[in-house]
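One structure is given below, encoded as structure tokens.
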Amino acid sequence: MIVLMGGQGVGKGTFARMLCERHKYKYIETGKMLRDAAATNPTVGEIMARGELLPFEMLTDLVANSLNCDSDVLLDGFPRTIDQATWLVNNYANKFDIHVLYLNVPEEIMIARIQKRIRDGGGRADDADTAAVRKRLDIFWKTTMPAIEWMQSVPNIKFSDIEVTGAVDDNFKNILTALGK
Numbered sequence: 308m309i310v311l312m313g314g315q316g317v318g319k320g321t322f323a324r325m326l327c328e329r330h331k332y333k334y335i336e337t338g339k340m341l342r343d344a345a346a347t348n349p350t351v352g353e354i355m356a357r358g359e360l361l362p363f364e365m366l367t368d369l370v371a372n373s374l375n376c377d378s379d380v381l382l383d384g385f386p387r388t389i390d391q392a393t394w395l396v397n398n399y400a401n402k403f404d405i406h407v408l409y410l411n412v413p414e415e416i417m418i419a420r421i422q423k424r425i426r427d428g429g430g431r432a433d434d435a436d437t438a439a440v441r442k443r444l445d446i447f448w449k450t451t452m453p454a455i456e457w458m459q460s461v462p463n464i465k466f467s468d469i470e471v472t473g474a475v476d477d478n479f480k481n482i483l484t485a486l487g488k
């Protein structure tokens with residue numbers, strides 16, 4: 308299992324697509340999974356519109372349903388909290404070799420990339436909402452960064468801190484090197 312972690316705009320989706328072109332992973336993009344859930348579940352939609360994280364059990368149930376497989380997995384956007392990281396390790400470290408790729412980018416680059424997504428006509432609906440973006444970034448620093456640091460300390464987890472501030476192809480080569488590919 309490869310777990311892509313990092314803030315908004317670091318390139319998790321871009322690098323996930325590139326990895327999936329090279330290997331047959333079951334790609335679990337939790338952001339897309341949540342947006343799909345929001346389309347059919349108004350409660351999920353309201354929580355996401357506020358830029359907040361879903362309640363623990365609601366999210367882990369969605370993730371568990373997606374992880375019910377026997378193939379290699381590429382997990383994008385989960386875990387985001389220490390509780391979620393603990394849940395993932397406790398429930399799946401015996402089934403998968405877990406390798407966390409922390410895509411490390413300074414906040415000003417995250418913001419610039421989010422703004423570029425908007426200019427290019429892509430991204431999330433709430434990327435255009437400055438307050439929602441700020442809230443997502445604050446949650447990343449206060450909630451997700453401690454989860455990343457915790458994952459780095461888990462003895463049976465492989466962890467790679469990869470700076471992805473350069474050209475996409477150079478960053479991808481660094482990711483492949485970290486994965487031993």
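Number 488 marks the last residue of the sequence shown (the working numbering); no jumps.
For every residue, glycine included, the Cβ atom is placed at its ideal position computed from N, Cα and C.
Pick from Asp390, Ile446 and Tyr399 that is closest to Glu414, judged by C-alpha positions: Taking the sequence shown and counting its residues from 1, the one referred to as residue 414 is at position 107. Just measuring C-alpha positions, the residue of Asp390, Ile446 and Tyr399 sitting nearest Glu414 is Ile446.
Under a three-way DSSP split, which group does Tyr409 fall into? Here residue 409 refers to the residue found at position 102 of the sequence shown. Strand, per DSSP.
With DSSP as the reference, please indicate the residues paired to Ile309 in a beta bridge. To locate residue 309, count along the sequence shown from 1; it is residue 2. According to DSSP, which records beta bridges pairwise, Ile309 is partnered with Leu381 and His406.
Any idea if Arg387 is buried or exposed, counting beta-carbon neighbours within 10 angstroms, 16 or more meaning buried? The sequence position of residue 387 within the sequence shown is 80, counting from 1. When all chains shown are included, Arg387 counts as buried.
Rounded separation between Arg420 and Leu382 - CA only: Taking the first residue of the sequence shown as position 1, residue 420 is located at position 113. Taking the first residue of the sequence shown as position 1, residue 382 is located at position 75. Annotation: Arg420 to Leu382 spans about 21 angstroms, alpha carbon to alpha carbon.
Could you tell me which uninterrupted beta strand (DSSP E) segments, each at least 3 residues in length, are contained entirely in the stretch 453-479, listed from first to last along the chain? Runs of the beta strand (DSSP E) lying entirely within the stretch 453-479 and spanning at least 3 residues, in chain order: 465-470.
If contact is defined by three or more beta carbon pairs under 8 angstroms, each pair taking one atom from either stretch, is the stretch 457-464 in contact with the stretch 473-488? By the Cβ rule, the stretch 473-488 does not count as touching the stretch 457-464, because fewer than three pairs are nearer than 8 angstroms.
DSSP three-state call for Glu336: helix, strand or coil? Within the sequence shown, residue 336 is the residue found at index 29, counting from 1. Here Glu336 sits in strand by DSSP.
Determine whether the beta carbon atoms of Phe479 and Met355 lie at a separation below 7 angstroms. Counted from its first residue, the sequence shown places residue 479 at position 172. Counted from its first residue, the sequence shown places residue 355 at position 48. Judged by their CB atoms, Phe479 and Met355 are not nearer to each other than the 7 angstroms cut-off.
Leu395 and Lys319 look like a contact to me (Cβ under 8 angstroms); what is the Cβ gap, rounded to whole Å? On the sequence shown, position 88 is the one that residue 395 refers to. On the sequence shown, position 12 is the one that residue 319 refers to. Actually they do not touch by this definition, with Cβ atoms about 16 angstroms apart.
Count the other CB atoms within 10 Å of the CB of Ala438; is the residue buried (16 or more) or exposed (fewer)? Residue numbering aside, residue 438 sits at position 131 when the sequence shown is read from its first letter. Result: exposed.
Let me check understanding here. Comparing Cα to Cα, which of Asn481, Asn375, Thr451 and Asn401 lies closest to Phe385? Translated into the one-based positions of the sequence shown, residue 385 becomes position 78. Of the candidates Asn481, Asn375, Thr451 and Asn401, the one whose C-alpha sits nearest the C-alpha of Phe385 is Thr451.
C-alpha distance - Ile418 paired with Gln315, whole-angstrom precision: For the purposes of this step, residue 418 is identified with residue 111 of the sequence shown, where counting begins at 1. For the purposes of this step, residue 315 is identified with residue 8 of the sequence shown, where counting begins at 1. Going by the C-alpha atoms only, they are around 8 angstroms apart.
Which residues in the same chain as Leu483 place their Cβ atom closer than 7 angstroms to its Cβ, once the five residues preceding and following it in sequence are excluded? Within the sequence shown, the letter at position 176 stands for residue 483. Non-local C-beta neighbours of Leu483 in its own chain, meaning closer than 7 angstroms and more than five positions away in sequence, are absent.
Neighbourhood of Phe403 by C-beta, 6 angstroms cutoff - its chain only, sequence neighbours within 5 removed: Counted from its first residue, the sequence shown places residue 403 at position 96. Closer than 6 angstroms at Cβ, skipping near neighbours: Met308.
Alpha carbon of Pro349 to alpha carbon of Asp436, nearest angstrom: Sequence index remark: in the sequence shown, residue 349 carries index 42 (1-based). Sequence index remark: in the sequence shown, residue 436 carries index 129 (1-based). Answer to the nearest angstrom: the Cα atoms are 19 angstroms apart.
Could you compute how far the alpha carbon of Leu486 sits from the alpha carbon of Asp379? Looking up residue 486 in the sequence shown gives position 179. Looking up residue 379 in the sequence shown gives position 72. Leu486 and Asp379: Cα-Cα distance of roughly 13 angstroms.
Assign Gly320 to one of three DSSP states: helix, strand, or coil. Here the question's residue 320 lines up with position 13 in the sequence shown. The three-state reading of DSSP puts Gly320 in helix, counting H, G and I together.
Burial state of Arg441 (16 or more Cβ within 10 Å): Walking along the sequence shown from the start, residue 441 turns up at place 134. Exposed, since its Cβ has fewer than 16 Cβ neighbours within 10 Å.
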